[in-house]
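Report on the following structure.
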Amino acid sequence: MLIYKASKNQINFADLARTNNYLKNIKILKYQNG
122 MLIYKASKNQ INFADLARTN NYLKNIKILK YQNG
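So the sequence shown is numbered by our numbering: it starts at 122 and just counts up by one.
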């Protein structure tokens, strides 16, 4: 149970990091496109 919970948290953290990078890339594109 603990191992499952820990791996689930890792996945959530990875998704969060991916989402943050995605949002950053959108902001960069918006700035580049004026």
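Built from N, CA and C at the ideal position, the CB exists for glycine as well.
If you reduce the DSSP assignment to three classes, tell me which class residue i lands in.
i	result
Asn141	helix
Hey, how far is the Cα of residue i from the Cα of residue j?
i	j	result
Lys151	Lys126	37 Å
Arg139	Asn154	23 Å
Asn133	Leu144	16 Å
Asn142	Lys129	20 Å
Ile147	Gln131	24 Å
Asp136	Ile149	20 Å
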